[in-house]
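Take any residue in the sequence shown, count from 1 to its spot, add 19: that is its number in the working numbering.
Step one of this worksheet: look at the structure below.
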Amino acid sequence: MMESGVPPCAACGDDAHAACRACSYALCKACLDEDAAEGRTTCARCGGEYGAPDPAHGQGAVVEEEVEESHEPAAGGVRERVTMASQLSDHQDEGVHARTMSTHARTISSVSGVGSELNDESGKPIWKNRVESWKEKKKEKKASAKKAAAKAQAPPVEEQIMDEKDLTDAYEPLSRIIPISKNKLTPYRAVIIMRLVVLGLFFHYRITNPVYSAFGLWMTSVICEIWFGFSWILDQFPKWCPINRETYVDRLIARYGDGEDSGLAPVDFFVSTVDPLKEPPLITANTVLSILAVDYPVEKISCYVSDDGSAMLTFESLAETAEFARRWVPFCKKYSIEPRAPEFYFSQKIDYLKDKIHPSFVKERRAMKRDYEEYKVRINALVAKAQKTPEEGWIMQDGTPWPGNNPRDHPGMIQVFLGETGARDFDGNELPRLVYVSREKRPGYQHHKKAGAMNALVRVSAVLTNAPYILNLDCDHYVNNSKAVREAMCFMMDPSVGRDVCYVQFPQRFDGIDRSDRYANRNVVFFDVNMKGLDGLQGPVYVGTGCCFYRQALYGYGPPSLPALPKSSVCSWCCCCCPKKKAEKSEKEMHRDSRREDLESAIFNLREIDNYDEYERSMLISQMSFEKSFGLSSVFIESTLMENGGVPESANPSTLIKEAIHVISCGYEEKTEWGKEIGWIYGSVTEDILTGFKMHCRGWRSIYCMPIRPAFKGSAPINLSDRLHQVLRWALGSVEIFLSRHCPLWYGYGGGRLKWLQRLSYINTIVYPFTSLPLIAYCCLPAICLLTGKFIIPTLSNAATIWFLGLFISIIVTSVLELRWSGIGIEDWWRNEQFWVIGGVSAHLFAVFQGILKMIAGLDTNFTVTAKATDDTEFGELYVFKWTTVLIPPTSILVLNLVGVVAGFSDALNSGYESWGPLFGKVFFAMWVIMHLYPFLKGLMGRQNRTPTIVVLWSVLLASVFSLLWVKIDPFIGSSETTTTNSCANFDC
């Protein structure tokens, strides 16, 4: 088809008849006649003259019969759109106050040339009025066409009756809240209030009854107990309103359909990995395979794998994975395989023939298992080859050097393995897109570890696919429930729920943990109790993996509907003595209102900008200074303005990869808001907590989704040293947030959008490592009391006994009722209590000192782990002993309390029967510490030839006590010898 060379009409798209001499704004003959009939004879954008379009130069000559020069351009103002980052960042608030009160929210700037506009009487640009009128006419035409088509294709009455049930399901809610039964929740809340009262009376008794004979010990114990009470309040009250949720996937399918014509929203999966020698490629490959085989329309799934170590091993293993996926994906979908990670599917110890009725299933499963074993051999061969790096570096198959040979200095790399233009599966069906990404790294740049890698994936995916939702997984977390994405969409795509939802968080579940869960790796109390409580407030915290994000929330935008700001009540307390008058808003309140207006206007612009042509869109982008927030990429910036996702129509497919390489360059984020207000937030090794906290401060809410079949499963370190170092990293991130400007104690009050109980939960999240200081002191007190013969509590009166008993009973009843409504077992609760003490006296203590040293002196302390032994049996890693400095404090406390118990019994034997009463209180206190550290003692002793650790512990204690009794009684010494010895003691021999 020949091109005419004439520019299209800006209104209807037909060939233009005239164009503005100043800004080349083109109109066809019909639109020009319509403007002339309405009295508009000059350019609606700049007020210039119309002329005939020149295909060669884009300029026009004057059209005398249509243009009159009697109208002069009016001085129009263009309202600048404030960037999203400046609307939402609290650290820029001070600069805003310097503006005048009339224009501190949005400034008016005069723009000359093509940026000037003609305004109508209300001050609104005339060209915008015209665009709106054109849009209304187009909508009317489309509506009439749809009505005609509906009449022509109306189904028979019989079919309408048959589809009535499906239509009913389609308009039903996609999820519902299941409140906790009042029979369980009311007693639970009543006991919490009772415990709070008893706690206050207990502190009153402790403070008003000092122990002067052991004043230092008494003062230390009181300070520790007050801190424990404060910590309990922070942890307990965010669980005040726990809820459960239920999803209806069948209604989602009835509403949006399934298959190629489905209306389900696209989803981009993010998988991040760094070192393939520490994060085995086979584990990462299983995660990728489970994503590619997920039960969701294939054209709406894209998987992005971030290789932050630029390892050729990761690249080659991903190429092998893409080839194996051509067999694995159709096999999973044909036979509804669960889980869809082959390593974990074939290792299941269940009846795999259950519910399988296809006669060819056994044969195909056997062939698939053989193919997977061959695939594993190929991956293992790649791993073996990668153990020793060649001196000249790695060479690719085409003979060229691998660009990522230097992981600290290499260009950005992107490779699309599967997708629309890639290989199809062996049944000829399309496969989801699989993209390898390794961002550019150069010396002298701050790359921000995992948070920086995730932000690079956000930009790459926005350029290539731009799905409205993002689901991120760690490389060792595979999709255990193939319908997990549909579960998330039941919240995200429900208009009544997903309007203000920034992310849907799934609980973490783990494989390969010992049956007793010795070191509380499952975190059952956190995921099944605390997170349900937060879901009843503003939503669960983001835990770093298994989370489905709304992409617009990551861009720093606020929710479409913001909560009403609290009204000022400066004079409400004196309404009786002062006449009622309209209270003047303070500068701070006006600033808050302006910030809300800016946020609402930004969301409005997002919805309107899709209707503008390319010139108008680029002008708006320039006016809102998006480059200062998002970086210098017009393709990426335009993608941020598309609420429903999709690649911009103006983007050239041939240049998308080049643009994607540009947005992962190491200097792209400089002088932008990435990591400050946009994307994953920098400043802490636990970027997940910080990112979720910023979203909640903007007014978003999150949702906790717990499907019956766990959505995702991962692996966790099950030996003691690795577990403590994992906890150390989490605690260090909390300390970093506490010492930063994002601390929940003082950040996020400006908009009033973070609920108070939600703030308490975030405060608890960043304060808990500091509990290690009073906890260590409190765990040493029983041993000191046993060694010195003193005690922290005076002789108890009847009233004091009641307070002590009331406190212990309230603690027990609270725990029992919590177990009752949450459904967790008492063993999980006890393991959580034990590891709270173990982590508190080890990893949390080191995290506090490391965080303070890093903040004050800039020192980054690393704790090395050295493997000492191993075991190849089931759960053999559980018995691996790795010595590390983190083990020193709990070991010292354990030995100190054991010595204290022995010394206490020795002192009681020497002092007589009257000392046995106080001894029992001290020994009970010491045994409380020893029992909480018992899993640590088991890990310290290892397997010990399979002798139970409890036997060894009690053997040592009983042997020591009986030895002391033997020495005290000494049955082989006669009474006469005893008399002689006693009399001799009175003389100086």
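Beta carbons are placed, not taken as given, at the ideal position from N, Cα and C, and that holds for glycine.
CA nearest to the CA of Val293, picked from Trp822, Leu913 and His467: For this step, residue 293 is matched to residue 274 along the sequence shown. Checking every option, the nearest Cα to that of Val293 belongs to His467.
Status (buried if at least 16 other CB within 10 Å, exposed otherwise) for Trp775: Taking the sequence shown and counting its residues from 1, one reaches residue 775 at position 756. So Trp775 counts as exposed.
Alpha-carbon to alpha-carbon, Asn263 and Val504: What you label residue 504 is simply residue 485 of the sequence shown in a count that begins at 1. What you label residue 263 is simply residue 244 of the sequence shown in a count that begins at 1. Roughly 19 Å separates the two Cα atoms.
Beta-bridge pairing of Lys460 - partner residues as DSSP gives them: Residue mapping note: residue 460 aligns to position 441 of the sequence shown, counting from 1. Lys460 pairs with His429.
C-alpha distance - Val348 paired with Val456, whole-angstrom precision: If you number the sequence shown from 1, residue 348 lands on position 329. If you number the sequence shown from 1, residue 456 lands on position 437. Looking at the two C-alpha atoms, the distance is approximately 22 Å.
Pro420 vs Pro430 beta-carbon contact at 8 Å: Along the sequence shown, read from residue 1 onward, the residue named residue 420 stands at position 401. Along the sequence shown, read from residue 1 onward, the residue named residue 430 stands at position 411. No, these two residues do not count as a Cβ contact at 8 Å.
Cross-strand partners of Asp326 (DSSP beta bridge): By 1-based counting over the sequence shown, the position of residue 326 is 307. Asp326 pairs with Thr292.
Own chain partners of Thr1000 with C-beta closer than 7 Å, once the 5 adjacent residues on each side are dropped: Counting from 1 along the sequence shown, the entry for residue 1000 is found at position 981. Residue placement at Thr1000 is poorly supported in this model, since its pLDDT is 46, which falls under 50; the coordinates are not used for a value here.
Enclosing beta strand (DSSP E) for Glu265 [first to last residue]: Translated into the one-based positions of the sequence shown, residue 265 becomes position 246. From DSSP, the beta strand (DSSP E) with Glu265 extends over Ile262 to Thr266.
Length at least 3, wholly inside the region 524 to 593: the beta strand (DSSP E) runs in chain order: Segments of the beta strand (DSSP E) lying fully in the region 524 to 593: 528 to 530 and 566 to 569.
Simplified DSSP assignment, three categories, for Trp693: Sequence index remark: in the sequence shown, residue 693 carries index 674 (1-based). In this structure, Trp693 counts as strand in the three-state DSSP scheme.
Supposed close pair Ser11, Asp536 - CB separation, criterion 8 Å: For residue 11 there is no data in the structure shown, the boundaries of the chain being 20 and 1008.
Pair within 8 Å by beta-carbon distance, Leu800 and Leu218: Against the sequence shown, residue 800 aligns to sequence position 781. Against the sequence shown, residue 218 aligns to sequence position 199. Cβ atoms of Leu800 and Leu218: not closer than 8 Å.
Ranges of the alpha helix (DSSP H) found wholly within the region 355 to 389, counting only runs of at least 4: Within the region 355 to 389, the alpha helix (DSSP H) runs of at least 4 residues that lie entirely inside it are, in chain order, 361 to 365.
Cβ shell of Met415 (< 7 Å), same chain only, five flanking positions each side left out: Translated into positions along the sequence shown, residue 415 becomes position 396. Shown here for Met415: same chain residues with a beta carbon closer than 7 Å to its own, the five before and five after excluded, namely Trp421 in chain order.
Cβ-Cβ separation, Leu805 to Val914 (assumed contact under 8 Å), whole Å: Numbered from its first residue, the sequence shown carries residue 914 at position 895. Numbered from its first residue, the sequence shown carries residue 805 at position 786. Rounded to whole angstroms, the Cβ separation of Val914 and Leu805 is 13 Å, and the two are not in contact under 8 Å.
CB contact flag (Tyr497, Thr306, <8 Å): Within the sequence shown, the letter at position 478 stands for residue 497. Within the sequence shown, the letter at position 287 stands for residue 306. The Cβ atoms of Tyr497 and Thr306 lie closer than 8 Å to each other.
Helix, strand or coil at Lys297 [DSSP, three-state]: Position 278 of the sequence shown, counted from the first residue, corresponds to residue 297. Here Lys297 sits in coil by DSSP.
Extent of the continuous beta strand (DSSP E) to which Phe731 belongs: To locate residue 731, count along the sequence shown from 1; it is residue 712. Phe731 to Ser734 is the span of the beta strand (DSSP E), which, as asked, contains Phe731.
Supposed contact pair Val482 and Leu675 - C-beta distance, whole angstroms, cut 8 Å: Position 656 of the sequence shown, counted from the first residue, corresponds to residue 675. Position 463 of the sequence shown, counted from the first residue, corresponds to residue 482. At roughly 6 Å, the Cβ-Cβ gap stays under 8 Å, so Leu675 and Val482 are in contact.
Ser250 beta carbon less than 8 Å from that of Arg452: By 1-based counting over the sequence shown, the position of residue 452 is 433. By 1-based counting over the sequence shown, the position of residue 250 is 231. No, Cβ-Cβ distance for Arg452 and Ser250 is not below 8 Å.
Burial state of Thr564 (16 or more Cβ within 10 Å): To locate residue 564, count along the sequence shown from 1; it is residue 545. Buried: at least 16 other Cβ atoms inside 10 Å.
Backbone secondary structure at Gln434 - three-state DSSP: By one-based count along the sequence shown, residue 434 stands at place 415. Taken through DSSP and simplified to helix, strand or coil, Gln434 comes out as strand.
Euclidean distance between Cα positions of Phe222 and Leu872: As a working note, residue 222 is residue 203 in the sequence shown. As a working note, residue 872 is residue 853 in the sequence shown. Taking the Cα positions, Phe222 is about 34 Å away from Leu872.
For Leu215 and Ile831, the rounded distance between their alpha carbons: Working through the sequence shown from its first residue, we reach residue 831 at position 812. Working through the sequence shown from its first residue, we reach residue 215 at position 196. Between the alpha carbons of Ile831 and Leu215 lies a gap of roughly 14 Å.
CB-CB length for Leu747 against Ala866, believed under 8 Å: Position 728 of the sequence shown, counting from 1, holds the residue named residue 747. Position 847 of the sequence shown, counting from 1, holds the residue named residue 866. Indeed, because the Cβ distance is near 5 Å, the residues count as touching under 8 Å.
Residues near Lys170 by beta carbon distance below 8 Å, same chain, minus five either side: On the sequence shown, residue 170 is found 151 positions in, with the first residue counted as 1. Because Lys170 sits at a pLDDT of 46, beneath the cut-off of 50, its placement in the model cannot be relied upon, and the following sentence gives the value as read from the coordinates. Correct list: empty, nothing qualifies.
contact_flag[the region 378 to 392, the region 351 to 367] where n(CB pairs < 8 Å) is 3 or more: Taking a contact to require three or more Cβ pairs closer than 8 Å, the region 378 to 392 and the region 351 to 367 qualify as touching.
Backbone CA spacing between Ile252 and Glu244 [nearest angstrom]: Against the sequence shown, residue 252 aligns to sequence position 233. Against the sequence shown, residue 244 aligns to sequence position 225. One C-alpha to the other measures close to 12 Å.
Beta-carbon separation (whole angstroms), Leu758 vs Gly870, contact threshold 8 Å: Sequence index remark: in the sequence shown, residue 758 carries index 739 (1-based). Sequence index remark: in the sequence shown, residue 870 carries index 851 (1-based). Between Gly870 and Leu758 the Cβ distance is about 6 Å, and since that is below 8 Å, they are a contact.
Limits of the beta strand (DSSP E) - the one that Leu492 falls within: The residue you call residue 492 lines up with position 473 of the sequence shown. Annotation for Leu492: the continuous beta strand (DSSP E) segment containing it runs Tyr488 to Asp493.
Pairwise C-alpha distance: Lys551 and Lys201: Translated into positions along the sequence shown, residue 201 becomes position 182. Translated into positions along the sequence shown, residue 551 becomes position 532. Counting only the Cα atoms, Lys551 lies some 16 Å from Lys201.
N-terminal and C-terminal residue of the beta strand (DSSP E) that Pro801 is part of: Against the sequence shown, residue 801 aligns to sequence position 782. Where Pro801 is concerned, there is no enclosing beta strand (DSSP E), although the alpha helix (DSSP H) around it starts and stops at Ser791 to Thr807.
Separation of Ala507 from Glu688, as counted between CA atoms: Along the sequence shown, one-based indexing puts residue 688 at 669. Along the sequence shown, one-based indexing puts residue 507 at 488. Approximately 31 Å, taken between the alpha carbons.
Per-residue burial, Asp446 [other beta carbons within 10 Å of its own, 16 or more giving buried]: Locating residue 446 in the sequence shown gives position 427, counting from the first residue. With a threshold of 16 other beta carbon atoms within 10 Å, Asp446 falls short and is exposed.
Ala37 - partner residues in DSSP beta bridges: For this step, residue 37 is matched to residue 18 along the sequence shown. For Ala37, which the question treats as bridged, DSSP gives the partners Leu46.
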